[in-house]
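Okay, so here's the structure we're looking at.
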Amino acid sequence: MEMCAGPWSEQVMDHFMNPRNLGEMEGADSFGIGGDILCGDSMILFLRIRGDVIVDASFLVQGCVAAIASSSVTTELVKGKTLEEAKRILPEDISNALGGLPEHKMHCSVLGAAAIGDAVRRYEEPRGAQ
Numbered sequence: 032m033e034m035c036a037g038p039w040s041e042q043v044m045d046h047f048m049n050p051r052n053l054g055e056m057e058g059a060d061s062f063g064i065g066g067d068i069l070c071g072d073s074m075i076l077f078l079r080i081r082g083d084v085i086v087d088a089s090f091l092v093q094g095c096v097a098a099i100a101s102s103s104v105t106t107e108l109v110k111g112k113t114l115e116e117a118k119r120i121l122p123e124d125i126s127n128a129l130g131g132l133p134e135h136k137m138h139c140s141v142l143g144a145a146a147i148g149d150a151v152r153r154y155e156e157p158r159g160a161q
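Remember, the numbering used here sits 31 above the position in the sequence shown when you count from 1.
Structure follows, in structure tokens:
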């Protein structure tokens with residue numbers, strides 16, 4: 032595992048050392064993938080959805096400190112959100128929830144936003160949602 036240069040906020044280190052919702056979710060209603068081919072970071076986000084509300088989320092990730100922390104906080108941000116609310120989560124929201132990321136690591140916050148968008152699209156498309 033790459034140890035990226037800091038400085039890291041307390042929130043980043045907490046999510047890195049104690050990731051929330053880590054692991055593949057059995058019986059997930061959808062999943063989404065986010066990745067950065069240039070640096071090799073990748074995330075799979077699993078969602079459990081009831082009605083149009085995300086009731087549970089988990090993740091698998093390959094990447095550095097910022098990628099792990101971003102993936103962990105993404106699962107916390109989507110829980111309890113409607114699909115429409117989740118689609119509006121931006122990389123900046125993920126970074127802000129972590130107390131900020133260094134500029135050269137902002138691409139890690141894009142992993143979560145991209146995975147959310149992909150998971151919601153995969154869920155909605157077969158149901159004919161627009």
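Built from N, CA and C at the ideal position, the CB exists for glycine as well.
Here the alpha carbons of residue 114 and residue 101 stand approximately 19 Å from one another. Contact annotation: the segment 62-73 does not touch the segment 39-53, with fewer than three C-beta pairs closer than 8 Å. With distances taken between CA atoms, residue 106 lies nearest to 88 out of 155, 88, 159, 137.
Taking a 10 Å sphere around the C-beta of residue 75, we find 16 or more other C-beta atoms and assign the residue as buried. Membership of residue 142 in the alpha helix (DSSP H) is indicated by the continuous run 138-155.
In this structure residue 110 touches residue 85 by the C-beta definition: roughly 6 Å separates them, less than 8 Å.
If you draw a straight line from the Cα of residue 80 to the Cα of residue 60, it is about 6 Å long. For residue 88, the uninterrupted beta strand (DSSP E) run begins and ends at 84-93, by DSSP. It is roughly 22 Å from the alpha-carbon of residue 143 to the alpha-carbon of residue 82. Each residue's CA atom was taken as its position, placing residue 129 and residue 158 some 34 Å apart.
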